[in-house]
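To start, the structure under review is shown below, and the notes come after it.
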Ligand SMILES: Nc1nc2c(c(=O)[nH]1)N[C@H]1C(S)=C(S)[C@@H](COP(=O)(O)OP(=O)(O)OC[C@H]3O[C@@H](n4cnc5c(=O)[nH]c(N)nc54)[C@H](O)[C@@H]3O)O[C@H]1N2
Ligand SMILES: Nc1nc2c(c(=O)[nH]1)N[C@H]1C(S)=C(S)[C@@H](COP(=O)(O)OP(=O)(O)OC[C@H]3O[C@@H](n4cnc5c(=O)[nH]c(N)nc54)[C@H](O)[C@@H]3O)O[C@H]1N2
Ligand code: SF4
Ligand code: SF4
Ligand code: SF4
Ligand code: SF4
Ligand code: SF4
Ligand SMILES: [Mo]
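Residue numbers (my numbering), protein chains in the order written: chain B, 1 to 260; chain X, 261 to 1197; chain A, 1198 to 1504.
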């Protein structure tokens, strides 16, 4: 039901590392393939071969360009965006049917496809564009935090993670309990200054984003160069090479150049 | 309504899980395929697999849509309309195979080389190459020549490994990683996982790339180098390190040919060759005895530098002295190269200092005792944690071979090859430098109804190994191993269509292709390629390329230009073998290979190409493919071959589970249950080397002995890095008139210039040959991470992600040109013109424009709507890239390739950009739409 | 926001219906039994007709109209649910009122309470509709104190206009109706003027920088997909500033025409037959703009620098 349950101690969510994400789309397509046969099933693709295909996806990767210094080399930041499983999700309270709800035990926000009337109001209420309406099924779809994986007894323990997290080749996606200050994810957020998207909207996202690290290049590092003695470089190198033999270079010393 | 619904949190959406190997790209990760009622439901990475350890990529996770793609071919096709019209008749396999046998048989009994058999990024080159030599034609190659042979050749001629799949950075220990010109690469998931590890450890990641996307986007430092100039940048780093003596002297003396003595006898036939003893062993100087000694004598500690007089009076100098003399020259100073490569001199100096600091002050020591090739015991493994990787940003330029050698020189001077934290070999590498395989196909070796005496591809050591006639003209259709490109170890696939059509060096009877989209994104100069494929002889009215046989799984652009189409299965419907005789998937920690098993049965009348090839081989009576009684040797098809074929006794396609009991590895008798054992083991086999063998493999006694026992190496000779590359010098000498095989005059200048045994830099050709101001910009492509060449666009999921491409340009440059975001521009090269839409960004070298590779599609192909954005808005740069360079003096047109290896120089493209007069929302050129093929839609 | 026609029709038609119904209720409350059964029945039918057409059309844009009944369940949290509940409840008193007021049922003592109750329920329903929009903080142009008053005043003004037209036909035109219509007209003109002033001056202080957390130097590079998606279709709808200025002007011109028609009613009440449709059209234009000018914060993830 769409009155929010009492805040759960357990707050399952994702932590996404923008410093590591290369934008490979693995999390997007893994999400699609798992969920098209999972709790949100199916995620349809209208007119797939046409000039204007329209598919339902629960996770999409945006690309932003970030200009830090006033120079030409802005950096590209790949930015995966899915449901943030907010603590006070407007998408839930506006729902007239109770189809949209936040689970009391772990805070996962879900849509009950058997009850949803497809009024789309929840998608208007979500600030993050995390809900996608499935035209061919007339119901709203959204990230389920892979609720049908993370507790799934048919998987070995280590595979009980969201499909996108299992897939991510760079390890940029972390899943865990953000309600537990000692969890791996909470520590990560503390260390790396994980942040909320659009905090002013008051939705209190559970998912956190880790910012790109400061670059280590000419814009941040002082110039430095290798010390060079004086005299001809080749002579110095020769002397050094000589040193390798304990200084008793027996050969006639010559650095005369010849055309190779 | 009250309580929240209770939902099934442990659904079992499958009834069966099968392991196999992914083939959404050539990285070949292990996957688990979830099936329900025989249909594929879900594909995930296999945790136990050495390559991907459980992860999967954007392509791999879309495999379902590839497997069920509406563009799959469904039955053999015979062309009935004009080539390119798309009018085909479905035929039965018997008819198809009979036809193919006729066509091929006729060629074989007259002149086998009139068959040109070329394959794309297939992974059964062990089989296809062997088939070609059994057939008797040397006109065989896979995609390597237009892909990255520069990396393979430079590596294999320098240190017996290569960036290209034959090695990888030590992701666990490296503290400083430099990536040159990589957007995605074959090590797709391993590189991503590796970068993740570096990030977690806080190691520094520097990316040299004119474009700052993908991997470069997360680099700690991005260096937007000007295309084609990396050699200068790396040379300047070498200059700095030499000038400060920040090099690993001990490594150079012991493990490289730096101290070897090079004869100095300008003009003489021996000039620039190594001084050797009577057994041909290269000599070093023994300071204590004041005379030369064989470099194999572990007792001598030879000088790294110096000039000496040999007992026979000749002058000799250590090869390192020559290298040092070159790179200490002012033309390599940071200040000199900075303006050319667009990297500030300060940055070059700083990077040099960082490299030196990490290599020599942050060295790591693993407490693993080991013994080197001459028996010296080392109580630990000393690592210089600097690693590098490079791919097509380096190789796809006409100076790629020498530039890649320059990078290897840098790695080796820092003592970072196969040390902890450095760049590590993957089994079966290291190999002897170069591998002891020479290309077959010399005059007299190609005879009717006779196999070649060896494989069509290999490694030349000197002009004697070239495939040229007495006049010095090429024997191969693609002009591989000729004076045009002597060290073209992977052939030159990009020249096949053109040469066959122009009859230069000669015409052929049958063009047989497999898994290569050669009428589109894989061809240089698409418009003419299409003309060549359809060209007819005025007199006879016959096609200039009389017969074209092609095997594809999908309705690709190439299918439309074939006469006979042999439809292949999808990767989930067949047996495949990822063999160490081919392109290994080994890890640095140990050898690995893998198989594909059919996880579902084809629902169409298609057959696995490898099985078809063996069938054809048997029908043609190719000796190794028939029994004494003429019956097929591998009646069971490819899986039969995988298990029972032996390259040499005890060595077959798969190294795992050999021997009757399945207990022996590497070498061992045929094991009838081998495939079963592989399946039980998750469709792969991996052996982790003992610690003492994990590093210094090239000179590690224990490893070398194991490698011999395993069949990787013929003997325990150490693999001494060849910084000075003597084989190159033999070609130079030939150009100066020495030796038995001399180049024709028109080639002499070129051979003498580019076959420098010491790495150097020269500007890529196209840029030098065209009018500079007329074509001021570089134009390159990048691999999109979620698309594999042409195959991705037919994928219902992937095409939503990237259904069209843009021409990306620097904002600063756009301002100059008066172009704004979204404008359509014309892109003009010396060869052609296209119209494309522009997108602006900052993170791109201002003199460079780029786009995603292979997104543009032929309208109607791939069972896509004829107005699909891929066709109407998408575009290819290929139309602008000429496979031939502009004429030189004498009118001869060399191929647009590296002069040493023949690698296609895709990224030498220079263009001019202007706002298009016609701003209509459609790219140009547009080719006529092709009809849907029977039953693909 | 994408102006879906079903929703436009719903809010305009049902708005007018509830406005008219409320006025009928108040008439009964103050004047007792209707003077003509015909007039009473026709006007009741028209009012409830407008309401019903509106409500039905609002179900057209549902993915599962057959489940619409579920929408009443969440009245505790959802204004959409409350609107549904109120709408349904209203039918009860409204029908009874119609019956007794017109005289079908003879219970004059019930007219006043039923009339008042009906009027109140109409107000509650329209109020809830307004609340659905005004409580969405994702769309600044809706999340305004004036949104609810605008919805209420539009219901009143359009209801009044329709009622007047019906009255004229039945020869029951009275100048106080004109006075009411005219003042309601003035009210929407003023409120809408203030509303537009408010949204034009509202700071667009939600930024891509905050949405992505990537700082002031952030700009869109690649959209997630080259193919369109639901979010772009539903929330990516933008109306050009110039275009919306034109429509705003058109809106006021329409109001002026209505005003003129009202004035002319002093000469001949039949001009009310012009005023009503013109006002309904004005309401339609206003609703279209209400959606089109509603800029959703999600656009910040799709290239919009501010919202
Ligand atoms: N997802 C995906 N993966 C693939 C493929 C695919 O199609 N899709 N293709 C596979 C194949 S066949 C191959 S060969 C590999 C190739 O893998 P890559 O080597 O990554 O190939 P490219 O995408 O061509 O990347 C070339 C990079 O070099 C840069 N570059 C161009 N010129 C220069 C230069 O002069 N200097 C430097 N430093 N950089 C330069 C370009 O900007 C680009 O980033 O990828 C394989 N993996
Ligand atoms: N402009 C530009 N052009 C380039 C490059 C570039 O960077 N820029 N890169 C070059 C490089 S490195 C390479 S390797 C080439 C790629 O060259 P290709 O190997 O030709 O690339 P693909 O487009 O993958 O074409 C392979 C064909 O194999 C088919 N295929 C896919 N799966 C199967 C299968 O299971 N069986 C069979 N029989 N066929 C199958 C596909 O349908 C497709 O027609 O492109 C080259 N072209
Ligand atoms: S899978 Fe990981 S690296 Fe790839 S896009 Fe998603 S988060 Fe980024
Ligand atoms: S992200 Fe959007 S859909 Fe997800 S919980 Fe928050 S508001 Fe609801
Ligand atoms: S679309 Fe479905 S889930 Fe969303 S608000 Fe309407 S009923 Fe609730
Ligand atoms: S958690 Fe599951 S549903 Fe959510 S984005 Fe990841 S894969 Fe998709
Ligand atoms: S990297 Fe290549 S092989 Fe590995 S999962 Fe992705 S597509 Fe498959
Ligand atoms: Mo390639």
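Here a beta-carbon is modelled for each residue, glycine too, at the ideal position from N, C-alpha and C.
Nearest candidate by alpha-carbon position, reference residue i, set the options
i: residue 1285 (chain A); options: A:1299, A:1300, A:1266; result: A:1266
i: residue 466 (chain X); options: X:650, X:586, X:1048; result: X:650
i: residue 996 (chain X); options: X:532, X:378, X:383; result: X:532
i: residue 1105 (chain X); options: X:1128, X:473, X:408, X:445; result: X:473
i: residue 34 (chain B); options: X:439, X:293, X:291, X:302; result: X:302
i: residue 423 (chain X); options: X:435, X:434, X:446, X:402; result: X:446
i: residue 674 (chain X); options: X:500, X:549, X:597; result: X:500
i: residue 623 (chain X); options: X:884, X:508, X:451; result: X:508
Residue-chain proximity (residue i, chain B), Cβ-Cβ < 8 Å
i: residue 1373 (chain A); result: no
i: residue 1199 (chain A); result: no
i: residue 1344 (chain A); result: no
i: residue 1325 (chain A); result: no
i: residue 273 (chain X); result: yes
Residue i burial status per 10 Å Cβ neighbour count (16 or more: buried)
i: residue 151 (chain B); result: exposed
i: residue 1013 (chain X); result: exposed
i: residue 1442 (chain A); result: exposed
i: residue 3 (chain B); result: exposed
i: residue 975 (chain X); result: exposed
i: residue 1302 (chain A); result: exposed
Backbone secondary structure at residue i - three-state DSSP
i: residue 960 (chain X); result: strand
i: residue 468 (chain X); result: strand
i: residue 981 (chain X); result: strand
i: residue 1165 (chain X); result: coil
i: residue 322 (chain X); result: helix
i: residue 1110 (chain X); result: strand
i: residue 1378 (chain A); result: helix
Residue i at chain A interface by Cβ criterion, 8 Å
i: residue 3 (chain B); result: yes
i: residue 267 (chain X); result: no
i: residue 1061 (chain X); result: yes
i: residue 219 (chain B); result: no
Any C-beta of chain X under 8 Å from that of residue i
i: residue 1422 (chain A); result: yes
i: residue 171 (chain B); result: yes
i: residue 178 (chain B); result: no
i: residue 1418 (chain A); result: yes
CB contact check: residue i to chain C, cutoff 8 Å
i: residue 1298 (chain A); result: Judged by its chain identifiers, the structure shown contains no chain C, and its protein chains are B, X and A.
With ligand 7 as the reference, list in chain order each residue whose Cβ lies under 6 Å from any of its heavy atoms.
-> X:282, X:284, X:285, X:287, X:288, X:289, X:312, X:316, X:317, X:319, X:320, X:448, X:449
Around ligand 3, Cβ to any heavy atom closer than 6 Å, ordered along the chain | B:21, B:22, B:23, B:24, B:25, B:26, B:27, B:61, B:78, B:80, B:167, B:168, B:170, B:172, B:173
Around ligand 4, what residues have a beta-carbon under 6 Å from a heavy atom of it, in chain order?
-> B:83, B:84, B:85, B:86, B:89, B:90, B:91, B:109, B:126, B:128, B:130, B:131, B:142, B:203
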